[in-house]
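There are 2 protein chains.
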Amino acid sequence: MKARIKVTLKNGVLDPQGKAIEGALGSLGFSGVESVRQGKYIEVELAETDRKKAEAAIDEMCKKLLANTVIENYAIELDEK
Amino acid sequence: MKARIKVTLKNGVLDPQGKAIEGALGSLGFSGVESVRQGKYIEVELAETDRKKAEAAIDEMCKKLLANTVIENYAIELDEK
Numbered sequence: 021m022k023a024r025i026k027v028t029l030k031n032g033v034l035d036p037q038g039k040a041i042e043g044a045l046g047s048l049g050f051s052g053v054e055s056v057r058q059g060k061y062i063e064v065e066l067a068e069t070d071r072k073k074a075e076a077a078i079d080e081m082c083k084k085l086l087a088n089t090v091i092e093n094y095a096i097e098l099d100e101k
Numbered sequence: 021m022k023a024r025i026k027v028t029l030k031n032g033v034l035d036p037q038g039k040a041i042e043g044a045l046g047s048l049g050f051s052g053v054e055s056v057r058q059g060k061y062i063e064v065e066l067a068e069t070d071r072k073k074a075e076a077a078i079d080e081m082c083k084k085l086l087a088n089t090v091i092e093n094y095a096i097e098l099d100e101k
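Those protein sequences? They're chains U and G, same order as listed. Numbering-wise, the first sequence is residues 21 to 101 according to my numbering. Numbering-wise, the second sequence is residues 21 to 101 according to my numbering.
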């Protein structure tokens, strides 16, 4: 089973990487960009075939390693292969 | 209009960051992890309200700045606000 995880900064947390992209887009001549936020995208391939168990495992991975839950949110999508 | 962009490494391109996560998950006792790939996730808020134009603008941003199309793929999702 494949899990797709999006880790994003919580609202209100400063995002210098996003700001840098915003500035660079402006320099390249793109107008109308109101804000940019950058996060991480992680794909995990699991041997587990049970959806519930896979979801629980991924959730724990996010809490323990993949996301810093003090400043980041995460969203999980599961795909049967 | 809000665009959500996923930038992922093409198949066959080495992903040391993904490998590091895979190793760390193993050390934490998570078994059954077959592979991990890490990419970027970018949210762009646009003033543009026309869907077609917004899509074209985002596509150009990806080609010019956000993704390195030699080694990376990107996927765009557009959201009406």
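The C-beta atom is built at its ideal place from N, Cα and C for all residues, glycine as well.
Inter-residue Cα distance where the pair is residue i and residue j
i	j	result
residue 45 of chain G	residue 52 of chain G	10 Å
residue 61 of chain U	residue 67 of chain G	25 Å
residue 96 of chain U	residue 93 of chain G	20 Å
residue 63 of chain U	residue 70 of chain G	31 Å
residue 22 of chain G	residue 47 of chain G	38 Å
residue 33 of chain U	residue 100 of chain U	34 Å
Under 9 Å between C-beta atoms of residue i and residue j
i	j	result
residue 58 of chain G	residue 79 of chain G	no
residue 56 of chain G	residue 73 of chain G	no
residue 75 of chain G	residue 54 of chain U	no
residue 85 of chain U	residue 24 of chain U	no
residue 50 of chain G	residue 77 of chain U	yes
Cross-chain neighbours of residue i in chain U, by beta carbon under 9 Å
i	result
residue 53 of chain G	64, 65, 66, 67, 77 and 81
4 or more residues per run - each alpha helix (DSSP H) lying fully within the region 45-89 of chain G: Within the region 45-89 of chain G, the complete alpha helix (DSSP H) segments at least 4 residues long are 71-81, listed from N- to C-terminus.
Three-pair Cβ contact test at 8 Å for the region 23-31 of chain G versus the region 77-97 of chain U: no
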